[in-house]
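*Asks:* Numbering of the sequence shown is given in the UniProt record's numbering, commencing with residue 1 and proceeding in unit increments. We treat Cβ as the ideally placed atom computed from N, Cα and C, and that holds for glycine.
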Amino acid sequence: MSTISLAPSAAAPRLRITRRGQVVLSVLVAIPLVLGVGAFVLGGGDAVATSSSSSTTFEHVRVQAGDTLWSIAERIAPQSDPRDVVADIIKLNQLGSASIAPNQQLAIPTQYSS
1 MSTISLAPSA AAPRLRITRR GQVVLSVLVA IPLVLGVGAF VLGGGDAVAT
51 SSSSSTTFEH VRVQAGDTLW SIAERIAPQS DPRDVVADII KLNQLGSASI
101 APNQQLAIPT QYSS
């Protein structure tokens, strides 16, 4: 007859991280930290609130049938480059494109109003 004896299992060896593994682990932890600090330092200054109010003043123009931003720019500021005027109107009104509709009210910077 045969007997089966169970020997107590040896304790599993502890996981050892080699020097190379430590370097890799350190780099993987450091990269997100460095990127986060860099984004905060480089991009965080724009979000600082100021107590001064915006000095941009404007008047309103109602769009007529057949008007385009270009025609409005030429009409309100004939002495200025229409490309600059159109860009300022788009920026001030936060337009996604140059499309406008009749009876739409547009804000015009006062530097272009007469």
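By DSSP, does residue 61 sit in helix, in strand, or in coil?
*Replies:* Position 61 of the sequence shown, counting from 1, holds the residue named residue 61. Reduced to three states, the DSSP call for residue 61 is strand.
*Asks:* Between the alpha carbons of residue 32 and residue 88, how many angstroms are there, rounded?
*Replies:* Start at 1 with the first residue of the sequence shown, and residue 32 comes out as number 32. Start at 1 with the first residue of the sequence shown, and residue 88 comes out as number 88. Approximately 38 Å between the Cα atoms of the pair.
*Asks:* Determine, using beta carbons only, whether residue 76 and residue 63 come nearer to each other than 9 Å.
*Replies:* Residue mapping note: residue 76 aligns to position 76 of the sequence shown, counting from 1. Residue mapping note: residue 63 aligns to position 63 of the sequence shown, counting from 1. The answer is no: Cβ separation not under 9 Å.
*Asks:* Looking at the unbroken beta strand (DSSP E) that takes in residue 98, where does it start and where does it end?
*Replies:* For this step, residue 98 is matched to residue 98 along the sequence shown. Looking at the DSSP string, residue 98 is not in any beta strand (DSSP E), and its letter there is neither H nor E.
*Asks:* Evaluate residue 4 with the Cβ neighbour count: other Cβ atoms within 10 Å of its Cβ, from every protein chain shown; 16 or more gives buried, anything less gives exposed.
*Replies:* Sequence index remark: in the sequence shown, residue 4 carries index 4 (1-based). That one is exposed.
*Asks:* I need the straight-line Cα distance from residue 100 to residue 28, nearest angstrom please.
*Replies:* Counted from its first residue, the sequence shown places residue 100 at position 100. Counted from its first residue, the sequence shown places residue 28 at position 28. About 50 Å.
*Asks:* Runs of 4 residues minimum, wholly inside the stretch 14-46: which ones carry the alpha helix (DSSP H) assignment?
*Replies:* Fully enclosed alpha helix (DSSP H) runs of 4 or longer: 19-43.
*Asks:* For the alpha helix (DSSP H) that contains residue 82, what are its first and last residues?
*Replies:* Counted from its first residue, the sequence shown places residue 82 at position 82. Run containing residue 82: 82-93, per the alpha helix (DSSP H) assignment.
*Asks:* By the three-class DSSP mapping on this structure, what secondary structure does residue 77 have?
*Replies:* The sequence position of residue 77 within the sequence shown is 77, counting from 1. DSSP places residue 77 in coil when its eight states are reduced to three.
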